[in-house]
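Counting from 1, one number per residue, gives the positions in the sequence shown under UniProt numbering.
This report refers to the structure that appears directly beneath it.
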Amino acid sequence: MPYKTVRINPALPNKPRVSVLVIYTGGTLGMVYDQKSGQLVPFDFEQVLDRVPEIHRLDFEITLITLGDILDSSNMKPAVWIELTRIIEKNYDQYDSFVILHGTDTMAYTASALSFMLGGLNKPVILTGAQLPIGVARTDARENFITALEIAAAQQEGHPIVPEVCIYFNSMLLRGNRATKQESVQFNAFHSENYPHLAMAGVSIDYNYPFIRPFVSGQPLTVRTAIDSNVTILKLFPGITQQVVESILGIPNLRGVVLETFGAGNAPTDSWFLDALKTAIDRGVVVFNVSQCEGGRVTQGRYQTSKLLDQIGVVSGSDITTEAAITKLMILLGRESDARRIGTLLATSLSGEMSE
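Written out as structure tokens, the structure is:
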């Protein structure tokens with residue numbers, strides 16, 4: 001598929017060459033106010049310099065490409081994750097880093113997915129967006145975009161400072177597979193309850209070095225684009241019925257379930273509930289236990305109500321987010337066929353997504 005390409009800030013004389021590839025997928029950031037209709041509409045993102053002239057002041061190369069189909073993030077699909085992965089793979093040797101402009105609603109899912117799909121990543125992949133469109137006077141789009149570019153281009157001793165998939169939003173840089181969207185009306189949309197921020201942007205950008213994944217010299221990029229979407233999320237609540245649970249666990253071709261449990265990974269001890277889970281597990285469905293709490297973690301087996309889950313083969317998700325859990329499950333199911341092997345990998349931190 002051909003992409004629209006715009007090159008900004010070509011190589012400067014007597015300056016080290018640092019280059020950033022910006023990939024525009026859609027979302028609120030790329031909207032402007034249309035005087036005729038009185039509505040917000042997408043604008044041609046090739047005209048980004050008209051909206052963010054400050055980009056000219058950045059002292060590194062920027063190339064902007066726009067996906068053929070601009071998406072509201074609610075329409076994000078695994079096929080787009082694969083497309084983004086392929087774009088990064090194709091351009092990995094030509095650029096020092098990547099910035100993805102993305103709608104906020106599913107940004108944490110995309111960031112999590114990319115963290116698992118880009119094996120051996122040694123360069124920054126920074127996702128950002130906005131709560132208000134770039135065509136609105138009080139927009140947060142300009143600051144988010146410009147600072148994401150600066151973080152992506154930041155180097156120390158010739159190596160990128162943040163060689164991993166991240167989300168930058170409202171002055172905070174977060175590990176992508178540790179972030180979740182918690183706000184729809186405030187600018188601080190994303191939070192990371194179980195892992196410290198990687199940087200804070202104020203007058204200067206202060207990096208939280210001990211928590212950033214280290215650069216590994218000579219590490220090759222390995223992409224993983226096989227995804228199995230035959231998964232679901234089962235959120236428990238008081239009063240959930242046997243019919244609902246059995247209907248979900250009995251979905252044809254179902255291969256994986258993220259089970260959102262109470263507190264530290266606890267679930268009902270009703271025999272019908274445990275029998276339904278065991279029946280699914282026995283036929284090869286992988287069940288991944290994730291807490292409904294925003295903070296804390298699953299400590300499966302600590303209480304009797306979670307010990308029974310442990311005994312029937314439910315996999316503990318530690319402090320992983322639901323977004324990271326479901327995308328990790330999809331990607332592991334795409335590359336592995338043995339349920340036990342998948343369970344072992346789910347319980348292992350592959351990209352810094354969980355504490356072990």
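By construction, the Cβ of each residue, glycine as well, lies at the ideal position given by its N, Cα and C atoms.
- When DSSP reads this structure, G26 sits in no beta bridge, so it has no partner.
- Listed in chain order, the non-local C-beta contacts of R213 below 7 angstroms within the same chain comprise P163, E164, G352, local neighbours out to five positions each way being set aside.
- Beta-bridge analysis with DSSP links I167 to L127, L174.
- With contacts defined by Cβ atoms closer than 7 angstroms, R255 and N289 do not form a contacting pair.
- Setting aside the 5 residues that flank it on each side, R302 is surrounded in the same chain by A264, G265, each with a C-beta closer than 8 angstroms to its C-beta; the list follows chain order.
- Taking the C-beta atoms as reference points, L259 is found nearer than 7 angstroms to V287.
- Of all alpha-carbon atoms in F169, Q155, S271, the one lying nearest the alpha-carbon of N144 is that of F169.
- Cβ atoms of G103 and T28 come within 8 angstroms of each other, at about 6 angstroms.
- Separation of V22 and H191 (C-alpha to C-alpha, rounded to the nearest whole angstrom) is 24 angstroms.
- Less than 7 angstroms separates the beta-carbon of F215 from that of H159.
- Shown here, K181 sits in a strand according to DSSP, grouped into three states.
- Runs of the alpha helix (DSSP H) spanning 4 or more residues and lying entirely within the stretch 179-259 occur at 242-249, in chain order.
- Each of K328, T232, I240, G239 was checked against the Cα of P252, and the nearest Cα belongs to T232.
- Counting only runs of 4+ residues, the alpha helix (DSSP H) found wholly inside the stretch 308-354 occupies 322-335, 339-346, in chain order.
- Taking G317 as the centre and dropping the five residues before and after it, the same chain places the C-beta of F288, N289, V290, V298, A325 closer than 6 angstroms to its C-beta, in chain order.
- With three or more CB-CB distances shorter than 8 angstroms, the stretch 148-157 counts as touching the stretch 120-135.
- For the pair of segments examined, the stretch 127-135 was found to touch the stretch 104-116: the number of CB pairs separated by less than 8 angstroms reaches three.
- Looking at the DSSP output, H159 bridges to Q156.
- Within the stretch 44-99, the complete beta strand (DSSP E) segments of 3 residues or longer fall at 61-66, listed in chain order.
- Per DSSP, F288 lies in no alpha helix (DSSP H) segment; the continuous beta strand (DSSP E) that holds it begins and ends at 286-291.
- For I281, the enclosing alpha helix (DSSP H) has its first and last residue at 271-282.
- Within 10 angstroms of the beta-carbon of T139 lie 16 or more other beta-carbons, which makes it buried.
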